[in-house]
Every structure is written in C-alpha cells, then in structure tokens.
Amino acid sequence: MIGLLPSPPAKVLEGSIVYKGTDLVKLKPKDLRSYRGTEIAMIFQEPLTSLNPVYKVGSQMAEAILIRESRSAGLDAADPEAIEDLHKPVRKKSKPVKPKRKLTPELRKEAMEALKLVRIADPEQVLERYPFELSGGMRQRVMIAMALSQRPKLLVADEPTTALDVTTQAQVLKLMKELITEVNTSIMLITHDLAVASQVADRVVVMYAGDVVEDAGVYDLFSKPLHPYTKGLLSCIPTGSKDDTKLMPIPGSVPDLVHPPVGCRYADRCPSAMDICRTKPPKLRDVGSGHKVSCFLYGE
Amino acid sequence: MVNETRDVLVTRDLKKYFPLRRSLNPFSKAERRVVKAVDGVSISIPRGKTVAIVGESGCGKTTLARTVAQLIAPTSGEILLDGRDMSTMKRKDVYKDVQIVFQDPDSSLDPRKTIADTVGEPVRGLHGGTNRAIDERVMRSLAAVGLSEEQAYRIPKQLSGGQRQRVAIARAIAPSPKLLILDEPTSALDASVQAQILRLLIELQNEFGLSYMLITHNIAVAQYLSDVVAVMYAGHLVEYGPTKTIMARPRHPYTITLMTAAPIANPWKRNLLNIEIKGEVPSAINPPTGCRFNPRCPYVGDVCTKVDPPLEEVSPGHLVACHFKAQTADVVVERRTTSGLAAPEVGAT
C-alpha cells in the first residue's frame with residue numbers, strides 16, 4: 048500500500064488505493080514518496096531490523112523530523128543534501144555526501160517530546176543509546192515515536208507486537224490505542240492474532256489467500272461471523288481447557304497462489320462448500336449494516 | 225510434600241547459574257558475576273498429566289527445560305526421574321524416559337535425512353534391535369502423529385510446517401518415553417495448524433499415558449493443554465497450582481498481570497486496555513533485591529524490597545510467593561472468549 052514492494056516482480060495489476068481522494072496507484076514514484084512517512088507511516092514487526100544499528104536513536108529520530116520539516120518547506124525530501132541544507136546551508140557538491148544527522152538543541156527537544164509521547168520515562172538517555180541497547184518493547188516504542196514524529200494521518204502497523212512478550216505487547220497495544228485519540232491518527236493493524244484484533248480494532252477485515260472474505264465491525268464479526276473461514280479461525284483459538292472445549296482445526300492448507308483455485312479460494316477446505324463455489328469466485332457484498340462477506344451461502 | 229511414585233519427575237530446589245565472562249583486567253578485584261537463570265525451582269510432574277511452565281522471555285523457563293532434559297547440568301539441586309536421582313543415571317537411560325520437542329522443526333530436523341531415518345535415530349541409539357523392529361516402531365509413531373508411510377521417505381523440505389512439527393513429535397515418542405518436554409511446540413505455527421497440533425498432543429497423551437512438561441509464553445495454550453501451571457519470573461517460581469484455579473483466580477500480582485495482558489478473542493472484554501503495566505522484565509544479572517517483581521508490582525510494600533517471599537500454600541496444591549497474597553484473594557480474571565457465549569449487547573463496553 049505504501050509502495051514498498053519491489054517492482055518487478057510485485058505489480059499492482061488493477062484496483063486503486065484512494066487516500067484522501069487521491070489514487071496512490073496512479074501517482075509517480077516521486078510523488079508517492081511525499082506521502083510515505085508524512086501522510087502514511089509504517090511500523091514493522093521486528094524493530095531491531097528496521098532501526099539502523101550504527102546510529103544512535105537520537106540521530107535516527109532527528110532524520111525523521113528533518114524530513115518532515117523539509118517537506119513542509121516544500122523541498123524534495125529524498126535528497127539527503129536537502130536535509131542537511133536546512134541546518135547547514137553551505138555544502139560542497141564535490142565531496143561525497145555523508146549525512147551526519149547532527150542533533151541540534153531544537154531537534155533534541157522535539158525528539159524527546161516524541162519519546163515522551165510513547166511513555167518513555169528517560170528520553171534523554173534513550174536518545175544517546177544504540178538500538179541494540181534497548182529492550183524489544185523500547186525499540187518498538189522508538190519506532191512508533193519515529194513514525195508519529197512525521198505526524199502521519201495513517202499508521203500502518205505490520206504485526207507490531209508479534210516479536211514482543213505478553214506484558215510488553217499489552218503495553219504497546221494500549222499505547223497505540225491511546226495515541227489514536229491523542230494525535231488523531233488512524234491505524235491499520237496487520238495481525239494474524241484474532242485475539243489482538245478483538246482487543247484493539249474497531250473494524251476487522253479478514254483475508255484469505257489474497258482475497259478479502261469478510262469485513263465487519265469488531266462486535267459484528269465476533270458475535271456473528273459469517274464466512275466459513277472466519278468461523279474456522281475462531282474455532283481454532285484455544286479457549287478454556289481441553290476438558291470442556293474441543294478445538295476444530297481447519298482441514299488442509301492454504302492453496303498455491305501461483306495457480307489459485309478457479310472458484311472460491313477457500314472451497315477445498317470449506318465444510319459447507321457447494322457446487323457453485325468451485326466454478327466461480329464469490330463477490331464481496333454487503334449483507335446489512337456494513338457487514339460485508341464474500342460467500343455464496345449468503346446469496347449471489 | 226510430593227508423592228514420588230505418582231510423579232514422573234520431581235525437581236528439588238533446582239538451580240542453574242551461568243557465570244559471566246570475567247573483566248578483561250586480570251587484576252580486577254570485582255566479584256565474578258553470575259546469571260541466575262533458574263534459582264531454586266521445585267516442581268513435580270504427575271504421571272499422565274501436563275505441567276505448563278509459563279513466563280516471559282528471560283524468566284528461565286527454557287533453561288529449566290534444558291536442565292531437566294540433561295542438555296545442561298544443574299548448578300545445584302536434584303532432579304528425580306521416577307524416584308531415581310537423574311545425576312546418577314546413565315544418559316541413555318534418561319533419554320529412554322525423557323524426550324524433547326523443540327519450537328522450530330526447521331532447525332530441529334536434519335534437512336538431509338529422510339523422515340524415517342530421523343524418527344528411527346533415537347530408537348536405534350537407545351533401544352537398538354533389528355532394522356525391521358526399528359522400522360516397525362518408526363511406522364507406528366508416524367501413524368500415531370497422523371503421517372502416512374509414503375511420507376516417511378521424504379525429507380523435511382517436502383513437508384509443510386505442521387507436518388514437520390508432527391515429525392518432531394513422532395521422533396520424540398518413538399523411544400516410548402514417559403515424559404515429553406514441549407518447548408513452545410506451537411509458537412512457530414499458524415493458528416489452524418496450532419489447533420491441529422494441540423489436538424494431536426491431547427490424543428497422544430490419552431493413548432500412551434504420556435506426561436508433558438509444556439514450556440510456553442502463550443497463556444491460551446497453557447490453559448488449554450495443562451493440568452498444573454507453574455509461573456516463573458526472573459528465575460523464581462512465583463505461583464504454582466491447578467490450571468483452572470490459577471487461570472480464574474490468580475493470586476500473585478505477576479500472574480494477575482500476565483493473565484490480564486494475554487489477549488482474548490472477545491471484543492466485549494478488553495482486559496488488555498484496562499490494565500496499567502509498569503516497567504519491564506528485570507535483568508537477570510542484577511535482579512532487584514527482595515521479591516524480584518517489586519519494581520513493577522502494584523501491591524508493593526516496604527518488606528518486598530528486603531525479603532524474598534517464600535512459596536506458601538493458599539489453598540490445597542496452590543502455592544504463591546507474595547507478601548501481600550491476602551490482598552489478591554478476590555481478584556477474578558475473566559478469560560472467556562465469545563465462542564459458545566451469547567453475545568452481550570453491542571455497545572456494552
């Protein structure tokens with residue numbers, strides 16, 4: 048969605064990504080870049096691999112802030128010299144440019160505020176640390192702080208807590224939930240854990256083998272799941288103990304996406320598959336109050 | 225306290241310390257520091273039952289498992305296997321009774337061996353016998369985990385992740401052990417595959433009367449599979465007792481935090497958003513004095529920073545190590561999910 052997949056091989060064949068009325072798919076890479084970070088920011092699963100190990104937290108955060116400032120000044124954000132120029136106006140072109148990311152007092156102050164926002168108790172010290180010196184939860188907080196220092200309107204979080212411990216996960220999820228209201232950001236949370244989704248989401252979109260199979264408000268989805276895959280997923284969650292509940296695993300495995308099945312991609316594993324399911328793919332349709340499902344059980 | 229004939233495995237005040245590298249200065253007077261990964265853990269695993277060791281990374285649960293599996297030697301303390309002291313037993317005899325299933329089948333299976341060879345290896349080494357007898361045993365354990373004879377001649381790459389974990393389980397049960405150590409057996413798997421493996425583990429337990437020592441950070445898995453839960457924090461056992469009791473009425477403040485923080489699939493019970501969790505797991509090199517949970521504990525008092533609380537019984541079989549356990553007597557944690565429940569009215573939260 049933020050145009051990060053290498054192309055080729057990844058290619059958006061059709062469809063559109065409409066962000067505030069603009070179709071991002073039709074934008075040129077150069078124009079898209081100005082959306083990335085400032086409008087739409089992304090945080091990844093493993094913060095240690097998304098932070099640069101050889102720079103201190105402070106200078107990495109400063110870079111993020113500089114990019115935002117240069118953009119609001121109307122400069123091309125991708126040029127490292129432009130970033131430097133904001134603070135050091137003179138620079139010889141002949142010398143190889145090595146971004147120094149100097150921490151000016153103003154930048155330091157802003158970075159510290161961003162870290163305070165994500166409830167880091169001693170921001171001053173954290174700025175002087177390298178990523179490897181921080182714990183997993185702290186690193187993910189730094190990532191969120193960096194993303195938020197861009198003041199994005201949308202935060203895409205790809206499995207942000209999968210690599211974290213349960214109590215740290217709870218801290219990070221709670222923080223994200225609070226930040227939605229504090230900084231007025233929307234969050235797109237990508238997760239494989241339905242329990243996490245049920246705890247923080249307002250709306251849940253269930254995907255299977257590349258297709259959206261169900262899309263509903265969180266309460267609707269968990270009280271009356273419609274698509275057989277959603278039902279299957281819910282019955283896979285261990286609840287209670289082995290004495291009072293039996294897990295109902297979904298039989299089979301995910302289809303080969305190079306040669307996906309002709310009809311519904313879930314048909315081979317579906318307990319209620321009908322003939323029509325194997326001949327044509329169902330369409331996602333609204334079955335009332337914004338609850339959308341893609342399944343022939345609920346009409347054509 | 226423990227009945228040794230009933231329990232397959234008993235540990236008594238088990239300790240495992242790892243020394244840290246000494247300072248580079250050879251004349252340094254600094255005391256040699258150690259990481260107290262497991263610090264005085266006593267548990268017992270009843271025959272045919274599952275004991276879950278629950279805790280977060282760095283709490284020592286994996287070290288405990290590895291010590292019990294004789295992969296590392298304990299610093300002090302005893303491990304009794306069927307009433308016999310493990311340190312006096314031959315390794316081979318230990319492995320006839322204790323086998324381990326690791327988290328990630330991709331790294332625990334030999335990529336170049338066929339499934340049959342992998343599963344047959346422990347049988348050959350421990351019990352010996354003719355090739356035919358070994359093959360028979362291999363096929364029996366593969367059948368028990370739901371793999372076909374044809375799959376026995378494939379290599380791990382040709383199987384799916386769930387099937388590979390089945391192979392790891394087949395290899396562990398092939399020598400007919402009494403105790404299986406399951407080190408995060410489903411953490412590397414998808415939700416639907418996890419459900420398959422959990423079901424398989426229960427079937428195997430019922431069929432062969434196996435005892436399980438389940439190491440996990442996943443509260444839902446522990447709740448589902450275990451009869452007894454041992455909660456570890458920074459190398460110590462902080463709570464120990466029947467799973468049903470601990471899941472519903474945890475008494476140690478850390479257990480309460482853990483149970484509330486573990487997300488449940490129930491949008492009407494957003495437990496996780498209503499709790500305040502302070503700080504992080506302490507470093508094992510410099511653990512806090514007194515109770516190791518004191519810097520993060522909402523109930524903390526003066527005594528907690530000075531005296532390490534002993535494990536004391538609060539109800540039959542339920543032990544808690546906390547100075548203020550009287551204050552947590554009426555804490556109830558709800559861990560029900562929506563399935564099987566009439567949905568509360570929308571907007572109830």
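Listed in order, the protein sequences are those of chains A and B.
Everything in the first sequence is counted per the working numbering, starting at 48 for the first residue and increasing by one.
Everything in the second sequence is counted per the working numbering, starting at 225 for the first residue and increasing by one.
Ideal Cβ positions, reconstructed from N, Cα and C, are used throughout, including at glycine.
Counting contacts by CB-CB distance shorter than 7 angstroms, is residue i in contact with chain A?
i          : result
Val-445(B) : yes
Ser-416(B) : yes
Glu-558(B) : no
Glu-280(B) : yes
Ala-485(B) : yes
Glu-408(B) : no
Val-570(B) : Its pLDDT being 36, under 50, Val-570(B) is placed unreliably by the model, and the measurement read from it follows with that caveat. It does; some Cβ of chain A falls within 7 angstroms.
Asn-490(B) : yes
Tyr-436(B) : no
Glu-504(B) : yes
Gln-420(B) : yes
Tyr-448(B) : yes
Ser-384(B) : yes
Arg-315(B) : no
Arg-494(B) : yes
Arg-423(B) : yes
DSSP three-state label for residue i, please.
i          : result
Pro-76(A)  : helix
Glu-374(B) : helix
Leu-406(B) : strand
Gln-92(A)  : coil
Phe-343(A) : helix
Ser-182(A) : coil
Ser-539(B) : strand
Met-313(B) : coil
Pro-170(A) : helix
Ser-97(A)  : helix
Ile-64(A)  : coil
Met-29(A)  : Look at the range of chain A in this structure, 48 to 347, and you will see that residue 29(A) is not part of it.
Gly-307(B) : coil
Arg-559(B) : coil
Tyr-448(B) : helix
Pro-329(B) : helix
Ala-261(B) : strand
Lys-242(A) : In the sequence as presented, Lys is not what sits at residue 242(A); that position holds Ala. Of the three classes helix, strand and coil, the one that applies to Ala-242(A) here is helix, per DSSP.
Ile-339(B) : helix
Lys-239(B) : strand
Val-219(A) : helix
Tyr-177(A) : coil
Ser-210(B) : Since the first residue shown for chain B is 225 and the last is 573, residue 210(B) is missing from the structure and cannot be characterised.
Pro-270(B) : strand
Flag this pair as yes or no: are the beta carbons of residue i and residue j separated by less than 7 angstroms?
i          : j          : result
Gln-172(A) : Ala-111(A) : no
Cys-515(B) : Pro-491(B) : no
Val-232(B) : Arg-271(B) : yes
Ser-300(A) : Ser-411(B) : no
Ala-109(A) : Leu-154(A) : yes
Gly-386(B) : Gln-420(B) : yes
Lys-239(B) : Gly-279(B) : no
Lys-273(B) : Ile-439(B) : no
Val-453(B) : Ala-446(B) : yes
Report all residues from its chain with a CB closer than 8 angstroms to the CB of residue i; omit the five preceding and five following residues, and keep chain order.
i          : result
Val-369(B) : Arg-390, Val-391, Ile-393, Ala-394, Ile-397, Leu-424, Leu-428
Leu-244(B) : Arg-256, Arg-257, Val-258, Val-259, Ile-509
Leu-201(A) : Tyr-66, Glu-86, Ile-87, Ala-88, Thr-232, Ser-233, Ile-234, Met-235
Pro-100(A) : Tyr-177, Pro-178, Phe-179
Hey, does residue i have any beta-carbon neighbour from chain B nearer than 7 angstroms?
i          : result
Thr-277(A) : no
Pro-94(A)  : no
Phe-269(A) : yes
Ser-182(A) : yes
Thr-69(A)  : no
Cys-283(A) : yes
Gln-246(A) : yes
Thr-232(A) : no
Asp-169(A) : no
Leu-294(A) : yes
Excluding the five sequence neighbours on either side, which residues of its own chain have a C-beta within less than 7 angstroms of the C-beta of residue i, listed in chain order?
i          : result
Thr-342(B) : Leu-333, Asp-334, Val-391, Arg-395
Arg-176(A) : Lys-103, Val-104
Lys-327(A) : Gly-310
Residues in its own chain within less than 6 angstroms of residue i by CB, not counting five upstream and five downstream?
i          : result
Thr-292(A) : Thr-286
Ile-324(B) : Ala-293, Ile-405
Which runs of the beta strand (DSSP E) fall wholly inside the segment 256-319 of chain A and span at least 3 residues, in chain order?
-> 258-264
Runs of beta strand (DSSP E) lying entirely within the segment 451-525 of chain B, each at least 3 residues, in chain order = 452-457, 460-466
Any beta strand (DSSP E) of 3 or more consecutive residues that is wholly inside the segment 275-299 of chain B = none
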